[in-house]
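Okay, structure first, notes after.
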Amino acid sequence: MDKVILHADLNNFYASVACLASPALREVPLAVCGDPTLRHGIVLAKNMPAKTLGIYTGQTLTDARKLCPNLMTMQPDFHQVLRLSDEVRGIMSRYTSHVQPFGIDEAWLDISGPGVSISTGERVANHLRHTIREETGLTASIGISDNRIFAKLGSDLKKPDAVSVVCKENRKTVLDPLSVNDLLFVGRATQRKLNDIGIYTIGHLADIDPQILKGLLGKNGLMLSCFARGDDTSPVMAAVHQQTVKSVGNSVTTAHDVCDYQHARITLYGLCESIASRLRKHQLVGRVVQISMRDTALDTIQRQCTLPFATDCSYDIFAYAFDLLTRYWGEKYPLRSLGVCVSQLSPADELLQLSFLPEDARRQRNATLDRTVDQIRDRYGHFSIQRAVMLYDRALGKINPEEEHIIHPVAFLK
Numbered sequence: 005m006d007k008v009i010l011h012a013d014l015n016n017f018y019a020s021v022a023c024l025a026s027p028a029l030r031e032v033p034l035a036v037c038g039d040p041t042l043r044h045g046i047v048l049a050k051n052m053p054a055k056t057l058g059i060y061t062g063q064t065l066t067d068a069r070k071l072c073p074n075l076m077t078m079q080p081d082f083h084q085v086l087r088l089s090d091e092v093r094g095i096m097s098r099y100t101s102h103v104q105p106f107g108i109d110e111a112w113l114d115i116s117g118p119g120v121s122i123s124t125g126e127r128v129a130n131h132l133r134h135t136i137r138e139e140t141g142l143t144a145s146i147g148i149s150d151n152r153i154f155a156k157l158g159s160d161l162k163k164p165d166a167v168s169v170v171c172k173e174n175r176k177t178v179l180d181p182l183s184v185n186d187l188l189f190v191g192r193a194t195q196r197k198l199n200d201i202g203i204y205t206i207g208h209l210a211d212i213d214p215q216i217l218k219g220l221l222g223k224n225g226l227m228l229s230c231f232a233r234g235d236d237t238s239p240v241m242a243a244v245h246q247q248t249v250k251s252v253g254n255s256v257t258t259a260h261d262v263c264d265y266q267h268a269r270i271t272l273y274g275l276c277e278s279i280a281s282r283l284r285k286h287q288l289v290g291r292v293v294q295i296s297m298r299d300t301a302l303d304t305i306q307r308q309c310t311l312p313f314a315t316d317c318s319y320d321i322f323a324y325a326f327d328l329l330t331r332y333w334g335e336k337y338p339l340r341s342l343g344v345c346v347s348q349l350s351p352a353d354e355l356l357q358l359s360f361l362p363e364d365a366r367r368q369r370n371a372t373l374d375r376t377v378d379q380i381r382d383r384y385g386h387f388s389i390q391r392a393v394m395l396y397d398r399a400l401g402k403i404n405p406e407e408e409h410i411i412h413p414v415a416f417l418k
């Protein structure tokens with residue numbers, strides 16, 4: 005029995021939420037973005053008038069204004085965004101218990117069952133689309149296929165408020181001509197590598213020897229080869245079966261470009277303190293530290309290392325993150341944003357042991373200090389106690405990463 009998978013994508017979600025509150029905004033070019041004063045001026049969503057002018061999700065606000073000098077901008081109303089996202093998920097759950105969110109504005113639905121065909125899926129998708137529009141005022145584009153990857157590609161074929169079917173009979177005609185960067189998890193760096201060996205379309209990617217892709221991209225090359233052919237057997241996971249947390253991370257666009265280690269140290273400490281605090285709240289420790297560095301051209305480099313021990317200590321996380329920074333950045337170019345992530349997580353209580361080594365004694369002192377800082381901040385606020393290094397540059401030091409969780413649409417990650 006073939007699966008019938010739907011992928012629903014709320015059209016221009018952040019901008020659509022803003023237009024629901026102020027319908028007049030539908031008639032003027034509008035971009036919803038982060039706070040430009042904190043250099044979070046990235047377009048999260050745009051309405052149709054802005055789209056017709058060439059403005060796109062992920063574009064810098066500076067570039068968007070070059071295309072449309074009178075572009076209206078506003079920050080997202082996260083309360084409304086989350087409320088409507090939950091409301092739409094509730095509507096989806098009426099059709100199937102197998103609803104797997106993908107970002108705040110997208111989800112897969114598995115409606116497979118005896119007698120359920122692709123044509124049945126098309127009828128269900130149209131009914132779902134109409135229900136979302138009638139009950140919330142939002143529109144959705146929905147793709148239908150026998151696997152998650154092609155269903156997601158289908159949801160991008162017609163916008164807004166449309167249904168597209170990708171089946172065995174039409175998939176080569178419909179999908180093969182698409183640019184390779186339309187495929188899930190193909191970002192700019194991967195696209196450049198594929199283009200360098202003559203792979204420009206999904207059809208090219210599907211036809212090439214998977215071992216060539218493995219040599220170029222490692223195991224991700226094999227994954228993308230499967231995706232291009234629609235060989236995705238992974239299930240749509242019901243919400244109650246979602247995987248546990250695999251990593252804890254933070255990233256921030258800094259108030260000004262970071263050009264030297266001293267300023268980078270301030271930003272990294274802020275990020276690492278936030279991550280360590282969240283690890284402790286969830287009673288987790290991690291062994292892998294990853295940093296991401298984005299330059300002023302918006303190109304991103306990621307590097308990681310494995311620690312000899314698992315930790316939830318802010319100093320330990322910072323020390324390894326800073327070591328990665330010095331090895332792979334070296335103050336060679338200005339940084340626009342920095343990110344830190346800790347993974348390979350395990351329960352903290354698995355590490356309880358008695359040790360008399362000096363290094364372990366130091367870690368125990370740092371752990372006690374961290375927990376004391378947690379208690380002070382819980383009672384008096386984040387800025388009630390800070391490391392002295394934060395005073396070196398107050399513009400960087402005033403950032404509270406725990407308040408900087410901008411929720412990006414998935415398309416932004418490409």
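Each step along the sequence shown adds one to the number in this note's numbering, with nothing skipped, and position 192 is 196. The C-beta atom is built at its ideal place from N, Cα and C for all residues, glycine as well. The structure displayed is predicted, hence computed values, not measured ones.
Which of helix, strand or coil DSSP assigns to residue i
i, result
"K172", "coil"
"F189", "coil"
"L253", "Note on identity: in this sequence residue 253 is Gly, with Leu being the wrong assignment. Correct three-state label for G253: strand."
"H11", "strand"
"Q390", "coil"
"R426", "The requested residue 426 does not occur in the structure, where the chain is confined to residues 5 to 418."
"T77", "strand"
"L395", "helix"
"M241", "coil"
"A268", "helix"
"H260", "strand"
"F313", "strand"
"A280", "helix"
"I295", "strand"
Contact belief for residue i with residue j at Cβ below 8 Å, rounded distance in angstroms
i, j, result
"D261", "R340", "6 Å"
"I148", "V170", "7 Å"
"D374", "R284", "7 Å"
"V184", "L161", "Their Cβ separation, rounded to whole angstroms, is 16 Å, which puts V184 and L161 out of contact at 8 Å."
"R93", "P105", "7 Å"
"N74", "A49", "Actually they are not in contact, since the Cβ atoms of N74 and A49 sit about 18 Å apart, beyond 8 Å."
"G141", "L65", "Contact flag wrong, Cβ pair sits at about 26 Å."
"G125", "V8", "4 Å"
Extent of the continuous alpha helix (DSSP H) to which residue i belongs
i, result
"K70", "65 to 71"
"I212", "Looking at the DSSP string, I212 is not in any alpha helix (DSSP H), and its letter there is neither H nor E."
"P153", "The sequence given here places Ile at residue 153; Pro does not occur at that position. Its alpha helix (DSSP H) spans residues 152 to 159."
"L24", "17 to 25"
"T61", "Taken as a continuous stretch (DSSP letters only), T61 belongs to no alpha helix (DSSP H), as it is neither H nor E."
"C230", "223 to 233"
"D327", "318 to 332"
"T300", "It is not in any alpha helix (DSSP H) - T300 carries neither H nor E in the DSSP assignment."
"V128", "122 to 140"
Buried versus exposed call for residue i [16 or more other C-beta atoms within 10 Å across all chains shown]
i, result
"L358", "Per-residue confidence for L358 stands at a pLDDT of 39, beneath the threshold of 50, marking its modelled position as unreliable; no derived number is given."
"L272", "buried"
"F360", "Caution applies to F360, whose pLDDT of 42 falls short of 50 and renders its modelled position unreliable; the model cannot decide the point."
"A19", "buried"
"V21", "buried"
"S89", "buried"
"A232", "buried"
"T376", "exposed"
"D303", "exposed"
Where the beta strand (DSSP E) through residue i begins and ends
i, result
"P53", "No beta strand (DSSP E) holds P53; the alpha helix (DSSP H) holding it covers 52 to 56."
"R340", "339 to 351"
"E110", "110 to 114"
"V145", "For the sequence presented, residue 145 should be read as Ser rather than Val. That run of the beta strand (DSSP E) goes 144 to 149."
Residue i: CB within 6 Å of a non-hydrogen atom of the ligand GDP
i, result
"T376", "Questions concerning the ligand GDP fall outside what the structure shown contains, since it holds no ligand whatsoever."
Can at least three beta-carbon pairs, one atom from the stretch 126 to 135 and one from the stretch 6 to 18, be found at a separation below 8 Å?
yes
Would you check if the stretch 308 to 322 and the stretch 276 to 291 touch, i.e. whether three or more CB-CB distances between them fall below 8 Å?
yes
Under 8 Å: do the stretch 56 to 75 and the stretch 111 to 120 share three or more Cβ pairs, one atom per stretch?
no
Any contact between the stretch 340 to 349 and the stretch 291 to 304? By contact I mean 3 or more CB pairs, one from each, below 8 Å.
yes
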